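Residue numbers (the numbering used here): 51 to 401.
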Ligand code: NAD
């Protein structure tokens, strides 16, 4: 049986990945610190499943990680754990450095020592896959796309901490020979997305009849990828990727933020019309821009397509329609994860 140690598997992308992996017959050890972004509710359906073991803990806890590695002898470690919200990194960058940089270093050291002691055949097949972001490349003008050779130029404390973690992963390959793979992905959306991020936030506020905050002129462009496509890309890189390489993952779906917000409003107007029959787009309210807001991200994912045969299966229209329906059907999950410390308020204005 194949065993994977997945970190951050109670968060948005990690949990989607774990749910799919267990369904595919993988034995998963899920290590998560359960910050505000990690929620066991998301993993409810795995409660009695012997192929899923949840462990509450920190990726930077070397003793704990070492114990888990020796006890469960995973074939791969996939690192999703991170502080992931740019707005929060503006208000408190220290936590981002602690988890994304120091935590990743601790994890890498524990994994390196485990890998070094493996028998030759198992060591040969072992992989450490690091899940990262396109934000490490900085911002683009009207044209061009990020490739795997685009120089790193992170602009937020979040992306700077992710860039540092990517560099550590690279260094552990070059220095110690650790068989690593890194994926740099564009903005994800889909089920179980914590409602501080644009898409679930807008759905929640639209349903509550509240103003829909759009930063600046709303013309910032992101390349949106449905989360199930990202999970499939990660599995593809894990099984077919070339050790030491990085792979860009993107959705071929560049949209301005305002287009995303308007698409959600239009879907909700059909699925859950307002009592007064008015269009939800009238709830849109322009607010001051995020400090240092990157203007445009766009991914060139042709390396992943040409070398490993992966392409996204969902268009933005399909994915956003599915996502809006999922949130309408899972309002209880939204209520459960909003635990009191975060109630859809604006954050990230400290600059
Ligand atoms: P998320 O914030 O929803 O989840 C992060 C998870 O990590 C949470 O469950 C949290 O409890 C856990 N965690 C945080 N600190 C930890 C620690 N020290 N030890 C163990 N667990 C810890 O994030 P996400 O959106 O699911 O992103 C997952 C990964 O994918 C991150 O590395 C992120 O940088 C990357 N990524 C995200 C996107 C996106 O659009 N969401 C795009 C590209 C890359």
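Glycine included, every Cβ here is placed at the ideal spot set by N, Cα and C.
Nothing here was measured: the structure is a model prediction, and the numbers come from that model.
Using DSSP's beta-bridge definition, name the partner residues of residue 105. 81
For residue 62, name the three-state secondary structure that DSSP assigns. helix
Buried/exposed call for residue 269, threshold 16 Cβ in 10 Å: exposed
In whole angstroms, what is the alpha-carbon distance linking residue 390 and residue 245? 13 Å
Extent of the continuous beta strand (DSSP E) run through residue 178: 177–183
What do you reckon, is the C-beta of residue 64 under 7 Å from a heavy atom of the ligand NAD? yes
For residue 142, verify whether its CB is less than 7 Å away from any heavy atom of the ligand NAD. no
So is the beta-carbon of residue 9 under 7 Å away from any non-hydrogen atom of the ligand NAD? The chain is shown from 51 up to 401; residue 9 falls before or after that span and cannot be answered.
Since residue 335 sits in a beta bridge, which residues does DSSP pair it with? 263
Identify which residue in 207, 277, 217 has its Cα closest to the Cα of residue 141. 207
Alpha carbon of residue 256 to alpha carbon of residue 330, nearest angstrom: 7 Å
Excluding the 5 residues flanking residue 63 on each side, which residues of the same chain have their C-beta closer than 8 Å to its C-beta? 130, 181, 238, 277, 280, 281
Proximity test, residue 132 beta-carbon vs the ligand NAD heavy atom, cut-off 7 Å: yes
Would DSSP call residue 255 helix, strand or coil? helix
CA-to-CA distance, residue 397 to residue 126, given in whole angstroms: 36 Å
Look at the alpha carbon of residue 365 and the alpha carbon of residue 382, and state the distance between them as a whole number of angstroms. 27 Å
Span of the alpha helix (DSSP H) holding residue 288? 277–290
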